[in-house]
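A.B. asks:
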DNA sequence: GTGAAAGCGCTAACAT
DNA sequence: ATGTTAGCGCTTTCAC
């Protein structure tokens, strides 16, 4: 193995001191042009790269962000992640990723694993189990250990930190209002994420839209559960009770399954039934008919989170910005599953 | 901010030396029980965590793996990534992720960013542009800098390193053979990834299966391109020329678009047309009809890659294993888009 | 059983 | 303009 070049080595080979080399490479005005050139050329020749770890140890900062994501297979998280990665890289930060797999224990473990100088701060979305258990001590500890957190999408009011969210309540209200404008009379609500904060917010938006429009809430056409299998079971009976002409789905699974079930029943979409759901854009477009969705702008959420965290990390001592909750606007994307106005 | 606990501090507060503390915490037999207990308890009280960066600097290893992925929004890569993350975490390794976005430049940039002590080795899949340009210098440099690489899925024969692949050729042959067994007479090949090594291998498998079964190759029902838009354009005409009763699709986009086009034409699937494609399992199940796919076992690929890399990293000097190419078996998952035998 | 000291690779304050 | 030195936090060898 080719020995890695270090300042020390270069210094010895060039018969100068380590600090001269260091300064020459950082283009310090203290060093004369000739030596600078000599050192820089030699360094390039030797393919010298400053050892990041040593620099980190010295500077007490790693320029690395810890990202904890409940489930990377969920396209929403994948999109947010790509935004984080981009935002971080643009500012010269690396991203260490852990997947909590919706488990509180893995979330805690991941945070511990990284809370030792490895990273400068966290960007995360709270795991399902953590939300259920309402266990937030690990977040508070990180914050008090001077490891700032930016939460996105699934957040907790109990933790004081920067947050990036989507206007779930408003988005749902808008979507349901849209269905109402399309003259839907019986709008079902289907959700398999009723355990999540965002699931609850979205359901509230639905209720509010109905109430605002003087619709009556019909529990028979509302499915709220936190379990996909239970969901599938209850979905079977959804079309029995009443003629449904609109469906509002709070998550990807619910969106697609509801649509599939309707097609199987021979219900014509969008002529007899309009569907709007929270789901991934690419795949929604690929469905037949394509699914109208609420676009959450995942990459922008990620970029915003990265920007907020880095701003805080790079703030001068005592000049840290106030904690902020940024809301990224959603957008209703009309496709074939809703008829045109 | 609560000052972070260091050995030095603890030593001072306990009136012992730094090395005593260090040894006590690592449970060295050199230290007496009473001092050990005293130190360990005090450390726990102070919530001491050894500074990872300092440990890294000392040990010259970071226990961190650099992962470079062309596109995290592709569910296949997301799955492999989750496997890598799991495999790495199980062995106490962290994962730094960069997304090349199919760009050679970003790939190079990411590798440079990490080739300075930040990571101990790479796991990556070659970007599209890199494959097109056949530019592999950056990989070879990393290898000779003692930063081992494990490539997966999209690999290059020009780089000597560990590899994890799928039996693309065999998988395709099997899939097409299956269509033939279903009595398909005119089997179309559709691909929007003809620039990738895997795309070519899969196409070869198709050809081979046809040849083996004495079918004639009909260029009119073969679409091979590297551009989704071009693909969509050519797809429109696919059903014009000939009655197709089988489609073999080499990637997700091709799979779904072909199916969508067939449905639009009113072609009955699977009665009149059977389709098999490379695609994500979750979404394939959600399509109507659900799509028969070739499952690539993404998580296993990732775990294998992590295992191979870590084995090499932890091998004693001079005892590194030979470079190996591991093949993960694929599996034909029959769903509704192919009729039963 | 405990401690002093060197050193990982780097930066920067402080000589010269 | 260049060099010396100390120190980041830790491990480890070697004295005592």
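Protein chains in written order, with this note's numbering: chain A, 10 to 350; chain B, 10 to 350. Note that beta-carbon positions come from the ideal geometry of N, C-alpha and C, so glycine has one too.
1. Where does residue 50 (chain B) fall in DSSP's three states?
2. Give the interface partners of residue 265 (chain A) over in chain B, defined as CB-CB distance under 7 angstroms, in chain order.
3. Give the list of continuous alpha helix (DSSP H) stretches no shorter than 4 residues that lie fully inside the stretch 145 to 176 of chain B.
4. Is the stretch 330 to 344 of chain B touching the stretch 293 to 301 of chain B in the sense that three or more CB pairs, one from each, lie closer than 8 angstroms?
5. In angstroms, rounded to a whole number, what distance separates the CA positions of residue 193 (chain B) and residue 282 (chain B)?
6. Based on the DSSP output, what are the partners of residue 335 (chain B) in its beta bridges?
7. Looking at the unbroken alpha helix (DSSP H) that takes in residue 280 (chain B), where does it start and where does it end?
8. Tell me whether residue 220 (chain A) is buried or exposed, calling it buried when 16 or more other Cβ atoms sit within 10 Å of its Cβ.
9. Cβ of residue 201 (chain B) within 8 angstroms of Cβ of residue 166 (chain B)?
10. Is residue 107 (chain A) close to chain B? Criterion is C-beta to C-beta, closer than 8 angstroms.
11. Mind pulling the chain A residues with CB within less than 8 angstroms of residue 148 (chain B)?
12. Flag this pair as touching only if the stretch 72 to 79 of chain B and the stretch 111 to 127 of chain B have three or more C-beta atom pairs under 8 angstroms; answer yes or no.
13. Specify the secondary structure class of residue 139 (chain B) as computed by DSSP and reduced to three states.
14. What residues match up with residue 252 (chain B) in a beta bridge as DSSP calls it?
15. Just mark residue 60 (chain A) as buried or exposed, buried being the case when its beta carbon has 16 or more other beta carbons within 10 Å.
16. Does the contact criterion of 3 or more C-beta pairs under 8 angstroms hold for the stretch 310 to 326 of chain A versus the stretch 323 to 334 of chain B?
17. Sorted by chain position, which residues of the same chain lie with C-beta nearer than 7 angstroms to residue 112 (chain A)'s C-beta, five sequence neighbours on each side aside?
18. Report yes if the C-beta distance between residue 204 (chain A) and residue 140 (chain A) is below 8 angstroms; otherwise report no.
19. Alpha carbons only, please: which of A:264, A:260, A:276 is nearest the one belonging to residue 249 (chain A)?
20. If we cut at 8 angstroms on Cβ distances, does residue 347 (chain B) have a partner in chain A?
21. Using a Cβ cut-off of 8 angstroms (strictly closer), state whether residue 34 (chain A) contacts chain B.
22. If contact means a Cβ-Cβ distance below 7 angstroms, which residues of the stretch 38 to 66 of chain B contact chain A?
23. Do residue 184 (chain B) and residue 253 (chain B) have their C-beta atoms within less than 8 angstroms of each other?
24. Short check: CB of residue 134 (chain B) to CB of residue 160 (chain B), under 8 angstroms?
25. Looking at the C-beta of residue 410 (chain A), does it have a partner C-beta in chain B at a distance below 8 angstroms?
26. Confirm, please, whether the CB-CB distance from residue 237 (chain A) to residue 262 (chain A) is below 8 angstroms.
27. Please report the straight-line C-alpha distance between residue 274 (chain A) and residue 233 (chain A), rounded to a whole angstrom.
28. Please list the partners that residue 90 (chain A) has in chain B, where partner means a Cβ-to-Cβ separation under 7 angstroms.
29. What do you reckon, are the CB atoms on residue 21 (chain B) and residue 33 (chain B) nearer than 8 angstroms?
30. May I ask which residues mark the beginning and end of the alpha helix (DSSP H) holding residue 19 (chain B)?
31. List the residues that DSSP assigns as beta-bridge partners of residue 200 (chain B).
32. Roughly how many angstroms separate the alpha carbons of residue 146 (chain A) and residue 163 (chain A), rounded to a whole number?
33. Residue 9 (chain A): buried (16+ other C-beta within 10 angstroms of its C-beta) or exposed?
34. Report the residue from A:269, A:259, A:152 whose alpha carbon sits nearest the alpha carbon of residue 168 (chain A).
35. What is the residue span of the beta strand (DSSP E) that residue 341 (chain A) lies within?
36. Kindly give me the distance between the Cβ atoms of residue 321 (chain B) and residue 155 (chain B), rounded to whole angstroms, as I take these residues to be in contact under 8 angstroms.
C.D. replies: In this structure, then:
1. DSSP, read as helix, strand or coil, puts residue 50 (chain B) in helix.
2. Identification of chain B residues near residue 265 (chain A) by a Cβ-Cβ cut-off of 7 angstroms yields 295, ordered along the chain.
3. Entirely contained in the stretch 145 to 176 of chain B, the alpha helix (DSSP H) runs reaching 4 residues are, in chain order, 146 to 153.
4. Proximity of the stretch 293 to 301 of chain B to the stretch 330 to 344 of chain B meets the contact definition, three or more beta-carbon pairs being nearer than 8 angstroms.
5. Spanning the two alpha carbons is a distance of roughly 8 angstroms.
6. Residue 335 (chain B) pairs with B:173.
7. No alpha helix (DSSP H) contains residue 280 (chain B), which DSSP labels as neither H nor E.
8. Exposed, by the Cβ-count rule.
9. No, the Cβ-Cβ distance between residue 201 (chain B) and residue 166 (chain B) is not below 8 angstroms.
10. Yes, contact with chain B.
11. By Cβ distance, chain A contributes nothing, its closest Cβ being about 15 angstroms from residue 148 (chain B), past 8 angstroms.
12. Enough Cβ pairs lie closer than 8 angstroms, so yes.
13. Note: residue 139 (chain B) maps to helix in three-state DSSP.
14. Answer is none; residue 252 (chain B) lacks a bridge partner.
15. Counting the other CB atoms within 10 Å of its CB gives residue 60 (chain A) a total of 16 or more, which places it among the buried residues.
16. Below 8 angstroms, too few C-beta pairs join the stretch 310 to 326 of chain A and the stretch 323 to 334 of chain B to call them touching: fewer than three.
17. Residues of the same chain with a CB within less than 7 angstroms of the CB of residue 112 (chain A), apart from the 5 flanking positions on each side, are 136, 138 in chain order.
18. A Cβ-Cβ contact shorter than 8 angstroms links residue 204 (chain A) with residue 140 (chain A).
19. The residue with the shortest Cα to Cα distance from residue 249 (chain A) is A:276.
20. By this cut-off, residue 347 (chain B) is not an interface position.
21. It does not: the Cβ of residue 34 (chain A) has no partner Cβ on chain B nearer than 8 angstroms.
22. Listed by position along the chain: 58, 59, 60, 61, 62, 63, 65, 66.
23. Cβ distance not < 8 angstroms, so residue 184 (chain B) and residue 253 (chain B) don't count as in contact.
24. Residue 160 (chain B) is positioned such that its CB atom lies closer than 8 angstroms to that of residue 134 (chain B).
25. Here chain A comprises residues numbered 10 to 350, so residue 410 (chain A) is not present and cannot be evaluated.
26. A contact, by the Cβ cut-off of 8 angstroms.
27. Answer to the nearest angstrom: the Cα atoms are 22 angstroms apart.
28. Under the 7 angstroms cutoff, chain B gives 81.
29. For residue 21 (chain B) and residue 33 (chain B), no; Cβs fall outside 8 angstroms.
30. That run of the alpha helix (DSSP H) goes 16 to 23.
31. The beta-bridge partner set that DSSP reports for residue 200 (chain B) consists of B:233.
32. For the pair residue 146 (chain A) and residue 163 (chain A), the Cα-to-Cα distance works out to about 16 angstroms.
33. A question about residue 9 (chain A) goes unanswered here, because the residues of chain A that appear run from 10 up to 350.
34. Nearest of A:269, A:259, A:152 to residue 168 (chain A), Cα basis: A:152.
35. Segment 340 to 342, the beta strand (DSSP E) holding residue 341 (chain A).
36. Rounded, the Cβ-Cβ distance is 11 angstroms, inconsistent with contact.
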